[in-house]
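2 protein chains.
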Amino acid sequence: MSIIVQKFGGTSVRDLECMRQVANKVQRKLRRGDKVVVVLSAMAGETDRLLCLAREWAPTPDLAEMDCLVSTGEQVSVSLFAMLLKSQGVNARSLLGFQVPIETNSNFSKARIASINSKKLKALLEIHDVLVIAGFQGSDCDQRITTLGRGGSDTSAVALAAALKADVCEIYTDVPGVFTTDPNICSLARKMERIAYDEMLEMASMGAKVLHIRSVEFAKKYNVKVHVRSTFSDEPGTIVTKEDEMEGVLVSGIAYDKDQARVTLVQVLDQPGISAAVFSPIAEQRILVDMIVQNPSKDGRTDITFTVPRADLEQTLKVIEGLKYEIGFEEVRHDKKVCKISVIGVGMRNHSGVASMAFRALSEENINILMISTSEIKITCLVEEKYTELAVRTLHNAFGLDKANGQNSC
Amino acid sequence: MSIIVQKFGGTSVRDLECMRQVANKVQRKLRRGDKVVVVLSAMAGETDRLLCLAREWAPTPDLAEMDCLVSTGEQVSVSLFAMLLKSQGVNARSLLGFQVPIETNSNFSKARIASINSKKLKALLEIHDVLVIAGFQGSDCDQRITTLGRGGSDTSAVALAAALKADVCEIYTDVPGVFTTDPNICSLARKMERIAYDEMLEMASMGAKVLHIRSVEFAKKYNVKVHVRSTFSDEPGTIVTKEDEMEGVLVSGIAYDKDQARVTLVQVLDQPGISAAVFSPIAEQRILVDMIVQNPSKDGRTDITFTVPRADLEQTLKVIEGLKYEIGFEEVRHDKKVCKISVIGVGMRNHSGVASMAFRALSEENINILMISTSEIKITCLVEEKYTELAVRTLHNAFGLDKANGQNSC
Numbered sequence: 019m020s021i022i023v024q025k026f027g028g029t030s031v032r033d034l035e036c037m038r039q040v041a042n043k044v045q046r047k048l049r050r051g052d053k054v055v056v057v058l059s060a061m062a063g064e065t066d067r068l069l070c071l072a073r074e075w076a077p078t079p080d081l082a083e084m085d086c087l088v089s090t091g092e093q094v095s096v097s098l099f100a101m102l103l104k105s106q107g108v109n110a111r112s113l114l115g116f117q118v119p120i121e122t123n124s125n126f127s128k129a130r131i132a133s134i135n136s137k138k139l140k141a142l143l144e145i146h147d148v149l150v151i152a153g154f155q156g157s158d159c160d161q162r163i164t165t166l167g168r169g170g171s172d173t174s175a176v177a178l179a180a181a182l183k184a185d186v187c188e189i190y191t192d193v194p195g196v197f198t199t200d201p202n203i204c205s206l207a208r209k210m211e212r213i214a215y216d217e218m219l220e221m222a223s224m225g226a227k228v229l230h231i232r233s234v235e236f237a238k239k240y241n242v243k244v245h246v247r248s249t250f251s252d253e254p255g256t257i258v259t260k261e262d263e264m265e266g267v268l269v270s271g272i273a274y275d276k277d278q279a280r281v282t283l284v285q286v287l288d289q290p291g292i293s294a295a296v297f298s299p300i301a302e303q304r305i306l307v308d309m310i311v312q313n314p315s316k317d318g319r320t321d322i323t324f325t326v327p328r329a330d331l332e333q334t335l336k337v338i339e340g341l342k343y344e345i346g347f348e349e350v351r352h353d354k355k356v357c358k359i360s361v362i363g364v365g366m367r368n369h370s371g372v373a374s375m376a377f378r379a380l381s382e383e384n385i386n387i388l389m390i391s392t393s394e395i396k397i398t399c400l401v402e403e404k405y406t407e408l409a410v411r412t413l414h415n416a417f418g419l420d421k422a423n424g425q426n427s428c
Numbered sequence: 019m020s021i022i023v024q025k026f027g028g029t030s031v032r033d034l035e036c037m038r039q040v041a042n043k044v045q046r047k048l049r050r051g052d053k054v055v056v057v058l059s060a061m062a063g064e065t066d067r068l069l070c071l072a073r074e075w076a077p078t079p080d081l082a083e084m085d086c087l088v089s090t091g092e093q094v095s096v097s098l099f100a101m102l103l104k105s106q107g108v109n110a111r112s113l114l115g116f117q118v119p120i121e122t123n124s125n126f127s128k129a130r131i132a133s134i135n136s137k138k139l140k141a142l143l144e145i146h147d148v149l150v151i152a153g154f155q156g157s158d159c160d161q162r163i164t165t166l167g168r169g170g171s172d173t174s175a176v177a178l179a180a181a182l183k184a185d186v187c188e189i190y191t192d193v194p195g196v197f198t199t200d201p202n203i204c205s206l207a208r209k210m211e212r213i214a215y216d217e218m219l220e221m222a223s224m225g226a227k228v229l230h231i232r233s234v235e236f237a238k239k240y241n242v243k244v245h246v247r248s249t250f251s252d253e254p255g256t257i258v259t260k261e262d263e264m265e266g267v268l269v270s271g272i273a274y275d276k277d278q279a280r281v282t283l284v285q286v287l288d289q290p291g292i293s294a295a296v297f298s299p300i301a302e303q304r305i306l307v308d309m310i311v312q313n314p315s316k317d318g319r320t321d322i323t324f325t326v327p328r329a330d331l332e333q334t335l336k337v338i339e340g341l342k343y344e345i346g347f348e349e350v351r352h353d354k355k356v357c358k359i360s361v362i363g364v365g366m367r368n369h370s371g372v373a374s375m376a377f378r379a380l381s382e383e384n385i386n387i388l389m390i391s392t393s394e395i396k397i398t399c400l401v402e403e404k405y406t407e408l409a410v411r412t413l414h415n416a417f418g419l420d421k422a423n424g425q426n427s428c
């Protein structure tokens with residue numbers, strides 16, 4: 019008996035017609051003799067409707083009550099869908115977070131899964147062919163309802179797949195899979211057959227919003243094979259899997275992020291503790307500093323450049339202004355018109371030359387690189403925003419990503 | 019520390035403005051130093067919306083999934099209301115049926131309460147000043163969500179009051195209390211200060227829809243003082259209480275029920291087992307036969323007359339038709355234009371003469387009595403429907419119900 023987990027988002031269950039399509043996908047697995055665990059989100063728009071209601075009732079609603087409120091969205095989805103399956107003669111039943119139970123900590127509105135009772139689930143799968151489980155929700159040790167934060171249904175699905183040692187966790191979405199880059203700006207972007215967990219994490223954090231980042235972390239930790247695919251077709255999508263199941267691919271994808279702003283402190287006094295003095299007060303404001311570059315010191319002074327999310331620029335500048343006396347810089351420069359471009363690939367771990375290849379490709383197009391930062395599996399360049407599309411297409415082409423996997427392999 | 023249970027129906031929580039009024043009523047109790055358990059229904063219209071949705075999804079929806087679905091209505095009410103109270107600085111929290119827990123059997127859509135964990139509730143009342151509990155719902159031994167059937171929130175409230183030994187269970191509704199008869203057809207109808215459980219049961223079953231009948235049974239069994247009162251005023255309503263707290267009232271109220279039809283089997287062969295032969299097949303169709311009269315036999319034949327709910331008349335006639343050969347009656351007569359009028363009062367237990375007083379009053383108005391049945395605390399007459407208003411007013415007047423309690427006492 020194979021266990022398949024299938025997760026469907028809000029647009030996939032937004033009305034009866036859509037739910038019927040989802041039921042077809044479930045029935046297809048049943049005909050193969052599989053047991054199916056279906057994880058559902060709230061019907062599209064429902065969570066937002068409930069959040070609006072809450073804010074009308076209380077300016078800063080109690081988070082525990084908020085979770086109790088919004089969790090009704092998934093409750094409606096799973097009971098309706100289980101009804102539909104039962105009316106089709108399928109031996110199905112719904113399960114809410116507390117019924118599984120999916121135990122979480124008590125961090126309401128962004129709770130973390132602590133454990134899942136797989137024994138109970140397995141016993142239920144002996145009786146039922148399909149379990150329809152509410153995504154996004156769990157319950158704490160006091161049996162209060164918790165939610166896992168935005169995109170939490172992906173995490174629910176992966177966690178359930180891990181607990182049940184499911185063959186695969188299929189995440190159905192409105193795109194056909196994970197692409198080598200954004201098809202909207204690069205017509206040669208190609209759907210990947212496979213992507214490594216770490217690559218997916220980098221893609222996800224760069225705004226490739228196919229999979230919620232925590233679900234990928236979970237999948238990596240428990241080695242869950244995740245299949246990202248389209249609700250609206252039967253084509254296979256992209257398998258997110260272990261690195262060693264990748265076939266020696268050097269570069270997997272090109273990601274970009276326009277939501278960045280660059281800040282430079284000019285002529286900072288270069289003394290021990292200067293970085294902490296700059297970045298601690300920024301961190302205290304919960305602003306996420308991403309790239310940081312410090313030039314070599316000259317005459318005891320240096321320039322410090324870093325990037326922050328564009329929405330946080332004003333506040334960052336305010337914080338910096340307050341540090342002027344303490345740090346003693348000459349001036350602050352900033353630039354909103356920048357874009358972060360990343361070349362991502364687990365193959366880089368064992369190969370040099372990828373960075374220089376990227377730099378050369380960009381320079382051949384006269385794209386000036388404003389900042390560089392690298393990690394084991396990623397090379398990131400900050401460029402002027404106007405070059406975004408050109409830079410993405412150039413790098414996509416340079417690493418042969420328009421061709422089937424393996425073309426850029428070593 | 020006094021514990022007060024307050025139950026509010028769907029119209030009382032239908033929007034933010036109404037919920038604010040409910041919050042005021044709760045705050046007033048808090049200022050007296052009471053602990054308050056608030057039991058809420060779903061916002062008006064919500065349960066029906068969900069039921070419609072379910073029927074769209076499946077022609078005969080699975081009842082367990084149905085309960086899971088409709089229970090979200092109360093979940094939304096209690097979380098929003100708890101948010102509101104918390105934003106007003108009240109130490110409140112919500113509780114769903116499974117969190118209390120309110121344990122029920124697994125008779126989905128009309129479950130019966132088996133037990134309530136009062137220890138946990140009392141511990142929570144040490145921490146919180148207000149518990150906002152979802153009415154209408156419970157959970158079975160498998161932790162599946164159940165609902166208690168129409169009007170189940172009343173039952174939830176009374177059961178919670180019983181479990182907590184609350185001082186009083188206040189049922190807020192859109193009428194000021196229980197009246198001696200329907201004020202719409204008798205302008206002299208008077209709000210009763212008190213009514214005995216048994217009287218309330220008779221009034222409720224006769225269509226005085228102020229309190230759900232099962233909640234009254236529960237209140238009687240556990241001796242819970244119930245106060246039926248208006249959400250929209252601060253006037254005291256009607257206390258439903260033990261018989262021995264009534265002050266020697268003979269007749270408390272006049273009820274009527276137009277939803278009746280009369281069926282007569284003419285010239286039935288009067289032999290042993292004839293009643294069973296007639297009424298068993300009707301009962302098997304779950305049709306509720308109410309009044310039954312069998313005339314004295316003559317020449318081995320008798321007439322049997324009984325009443326059924328008007329909506330069940332066609333089906334009843336069909337059943338009877340099928341029995342013709344077996345029973346051997348001459349013909350079947352039926353009449354939809356009838357009305358059942360009841361004189362109700364626990365004082366009758368110890369007094370004769372009430373029935374004859376009622377018959378005389380009706381005859382003085384030339385109202386023909388079609389059938390009579392009596393119980394310990396009730397005299398019921400079937401009359402032609404056109405006499406309904408006149409009969410009610412006549413009896414109301416005959417027993418002095420327009421005057422304050424005690425006028426018709428002994």
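Chains V and H are the protein sequences, given in the same order.
Counting the first sequence from 1 gives a position; this note's numbering is that position plus 18.
Counting the second sequence from 1 gives a position; this note's numbering is that position plus 18.
Even glycine gets a Cβ: it sits at the ideal position worked out from N, Cα and C.
These figures come from a predicted structure and were not determined experimentally.
Taking 9 Å as the Cβ-Cβ cut-off, the region 371 to 385 of chain H has no residue approaching chain V. Residue-level contact by beta carbon fails for H:Q39 and chain V, as no gap is shorter than 8 Å. Exposure of H:S251 is indicated by the presence of fewer than 16 other C-beta atoms within 10 angstroms of its C-beta. For the 8 Å CB-CB criterion, H:M84 and H:F126 form a contact. Ranked by how close their Cα comes to the Cα of H:I395, the residues H:Y405, H:V372, H:E402 and H:T259 have H:V372 in first place. At a cut-off of 8 Å between beta-carbon atoms, V:T90 makes contact with chain H.
Listed as beta-bridge partners of V:R212 by DSSP are V:I257.
Chain V has no Cβ within less than 8 Å of the Cβ of H:D66.
At a cut-off of 8 Å between beta-carbon atoms, V:Q117 makes contact with chain H. Between H:E402 and the set H:K358, H:G195, H:A184 and H:C159, the nearest pair of CA atoms involves H:K358. Ranked by Cα distance from H:K260, the first of H:A279, H:G271 and H:K239 is H:K239.
Take V:D420, set aside five residues on each side of it, and the residues of its chain with a beta-carbon closer than 7 Å to its own are L206, R208 and H414, in chain order. Here V:E348 carries a coil assignment [DSSP, helix/strand/coil]. Residue pairing by DSSP places H:L113 opposite H:I151 in a beta bridge. DSSP lists H:L400 as the beta-bridge partner residues of H:M389. Spatial neighbours of H:K128 in its own chain (CB-CB distance under 6 Å, excluding positions within 5 residues in sequence) are listed in chain order as G167.
Secondary structure note for H:K104: its alpha helix (DSSP H) is the uninterrupted segment L81 to S105. Here the alpha carbons of H:K137 and V:I362 stand approximately 58 Å from one another. Residues of the region 23 to 51 of chain H with a Cβ closer than 8 Å to any Cβ of chain V, in chain order: L34 and M37. Beta-carbon to beta-carbon, H:F154 and H:E235 are separated by about 17 Å, too far to satisfy the 8 Å threshold. For H:V94, a Cβ of chain V is located within less than 8 Å of the residue's own Cβ. Close CB contacts of V:A72 within its chain, under the 7 Å cut and outside five residues either way in sequence, are with P79, M84 and L87 (chain order). The CB of H:L71 comes closer than 7 Å to the CB of L98 in chain V, given here in chain order. When rounded, the separation of the alpha-carbon atoms in H:A177 and H:A237 is 8 Å. Residues of chain H with a Cβ closer than 8 Å to the Cβ of V:A76 are, in chain order, M101, L102, K104 and S105. If you look at H:G271, you'll find it in the beta strand (DSSP E) that goes G271 to L287. Residues of chain V with a Cβ closer than 7 Å to the Cβ of H:S205 do not exist; the shortest Cβ-Cβ separation is about 41 Å. Scanning V:T173, V:K243, V:G195 and V:I21 for the CA closest to the CA of V:M221 turns up V:G195.
Residue-level contact check: H:L139 does not touch chain V, since none of the beta carbons of chain V fall below 8 Å from its beta carbon. Chain order gives the chain H residues near V:S112 as E83 and C86, where near means a beta carbon separation below 7 Å. Residues are counted here when their Cβ sits less than 9 Å from a Cβ of chain V; for the region 324 to 337 of chain H the count is zero.
Under the three-state reduction of DSSP, V:Q303 is assigned to coil, being neither helix nor strand.
Per DSSP, reduced to three states, the secondary structure at V:E394 is coil, with no helix or strand assignment. Per DSSP, H:Q39 is one residue of the alpha helix (DSSP H) stretching across L34 to R49. V:A132 carries a strand assignment under DSSP once its states are collapsed to helix, strand and coil.
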